[in-house]
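Below is one structure, written out as structure tokens, with a few remarks after it.
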Amino acid sequence: LGALDEILEGPRPLMLVDIGEEDISFALFDENGIKRVRSSRKPVESFVEILSAEKGISADDFGFSKAELSLENGGQVRQCLAPLISEIKKTLHFFETELKERIDSVLLSGVVTQVPGLTELFKKEFARDVKKLFIPDLGADNSPLYARSYALALYGSSFRSGCLNYRKDEFKYAGSDKELRKVFMTPAILFALILALLLYNNVSRYFELKKESKALEAQIAEVVRDTFPDVKVIPRPVQFMEGEVSKQREKLKLMQGVEGASTPLEVLRDISSSLPESMKLTVSDIKFEGDNKIKIQGVCDSYQEVTEIEDALSKSKIFESVTRNQTGNTVDGKTKFELALVLRSEA
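Counting in this note's numbering, the sequence shown runs from 74 upward without gaps.
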């Protein structure tokens, strides 16, 4: 109904009331065009039930012909139209409350406008200027009856041709999906192009890195062959080189340990030479922790001997400190001990 904005005559704001076979629709227009709409089915259903009962026919068989809408008694007309009048009054009040302004003009359209004396009755009920909708292209008689169809045609013609496809008892927005496709087509194409470019860049970068990797592997293989001329076949040059480097590092550590007299063999030798030959003890465990820490666990005859062992090792040149961690008795009455030794950094 909003498409009828430029055709409607009368002071604004005005309310267009379209009473069809199934519902009653309201459209509020102000100086800027259509402002609010609402519709209701119940008043029309009640109107049909009351009128068909007066006519003595079934509501399902009521056809909205001019003859069926005619009543001889004015009181009967008012009684049948009561649901519609009530709904129009409520809507007028609702619109006026929202606008904070009186609506003086009411236009009528729809099949129910064929009821004789309808305009005059509504003028009395609403105390406003009430008249039937007039559309110049349709004429006075057809304007109220075909207002919805005309509005739909205007709405469709406001778009490009072919947007409305009229068929029997229905219509379809044939062009709306085309417009929607156009709206989403450009972003979709751009997204596809960006995705293709990203894929191309990633693939090209992959092959470029693969080529560089092969070149580096060839250079490493050449270095390995020059370094280890006795090795004829080197299936994985990088792993082979890492393994050989690791082996050489271990050998270097062992050589450094021997040069500094801090290898396990040298430490054991110094421990043995530091203890008196007459001392009887049993060493159950020696642990080398890190580069300069050693733990010794053993068993001797008495606590006095533990003290002698501690004093003897403290006098050794390779130990920075000797600490007794714990002592205790064994089942057979001997003394068990644990000593912590720290190697000198210069040893």
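Backbone N, C-alpha and C fix where the C-beta goes; we use that ideal spot for every residue, glycine too.
Going by DSSP in three states, D374 sits in which element: helix, strand or coil? D374 falls in the coil class under three-state DSSP.
Tell me the start and end of each unbroken beta strand (DSSP E) in the region 106-192 that is at least 3 residues and wholly inside, in chain order. Qualifying beta strand (DSSP E) stretches, in chain order: 106-113, 178-182.
Can you check which of these residues, G183, L165, L74, is closest to I176 by C-alpha distance? Looking at the Cα atoms, L165 is the closest of the given residues.
With three or more C-beta pairs closer than 8 Å as the rule, is the region 88-101 touching the region 122-130? Touching, no.
Does DSSP classify I208 as helix, strand or coil? Residue state, collapsed to three classes: strand.
Between the Cα of K108 and those of K197, L87, V311, E290, spot the shortest distance and give me the residue it belongs to. It is L87 whose Cα lies nearest to the Cα of K108.
Own chain partners of Q187 with C-beta closer than 7 Å, once the 5 adjacent residues on each side are dropped: Residues K139, L142 of the same chain have their beta carbon placed closer than 7 Å to that of Q187, with the five preceding and five following residues left out of the count.
Does the distance from the CB of N365 to the CB of V304 come in under 9 Å? The answer is no: Cβ separation not under 9 Å.
Judging by CA-CA distance, which residue of E339, F120, S112 is the nearest neighbour of S389? Closest by alpha carbon: E339.
Going by C-alpha distance, which of E171, F199, E295, G93 is nearest I161? Per the Cα distances, F199.
Quick check on V296: buried or exposed, where buried means 16 or more other Cβ atoms within 10 Å of its Cβ? Exposed: under 16 other Cβ atoms inside 10 Å.
Could you check what DSSP says for G75 in three-state terms: helix, strand or coil? DSSP places G75 in the helix class (H, G or I) of the three-state scheme.
Using the C-alpha atoms, what's the distance from V395 back to S387? Their backbone Cα atoms lie some 6 Å apart in a straight line.
With which residues is Q399 paired in a DSSP beta bridge? Note: Q399 sits in a beta bridge opposite E411.
Among residues of its own chain, excluding the 5 on either side of P337, which ones have a beta-carbon nearer than 7 Å to its beta-carbon? Closer than 7 Å at Cβ, skipping near neighbours: F361.
Can you tell me where the beta strand (DSSP E) with E339 in it begins and where it stops? Taken as a continuous stretch (DSSP letters only), E339 belongs to no beta strand (DSSP E), being part of the alpha helix (DSSP H) at 337-347.
Relative to the C-alpha of V356, which residue among R111, K409, Q321 is closest? Of the listed residues, the one whose Cα sits closest to V356 is K409.
I'd like the list of long-range same chain contacts for P156, defined as Cβ closer than 6 Å, with 5 residues on each side in sequence excluded. Within its own chain, the residues whose Cβ lies closer than 6 Å to the Cβ of P156, once the five positions on either side in sequence are excluded, are P116, S119, F120, listed in chain order.
Compare the Cα-Cα distances from R397 to each of L412, K407, T403 and report the closest residue. With distances taken between Cα atoms, R397 lies closest to L412.
Can you list, in chain order, the residues of its chain whose CB lies under 6 Å from that of G75, leaving out five sequence neighbours each side? Within the same chain, G75 has close Cβ partners I107.
Between P217 and F257, what straight-line distance do the alpha-carbon atoms span, to the nearest angstrom? Looking at the two C-alpha atoms, the distance is approximately 40 Å.
Alpha carbon of R111 to alpha carbon of V203, nearest angstrom: Between R111 and V203, the C-alpha separation is close to 19 Å.
Could you tell me if S418 is buried or exposed, where buried requires 16 or more neighbouring beta carbons within 10 angstroms of its beta carbon? Counting Cβ neighbours within 10 Å, S418 comes out exposed, since fewer than 16 surround it.
DSSP state of F199 mapped onto helix, strand, coil: Here DSSP, grouped into helix, strand and coil, assigns F199 to helix.
According to DSSP, is K305 part of a helix, a strand, or is it coil? When secondary structure is reduced to three states using DSSP, K305 falls in the coil class, being assigned neither helix nor strand.
Could you give the C-beta distance for V184 and G83, rounded to a whole number, given that I count them as a contact under 8 Å? Between G83 and V184 the Cβ distance is about 22 Å, and since that is not below 8 Å, they are no contact.
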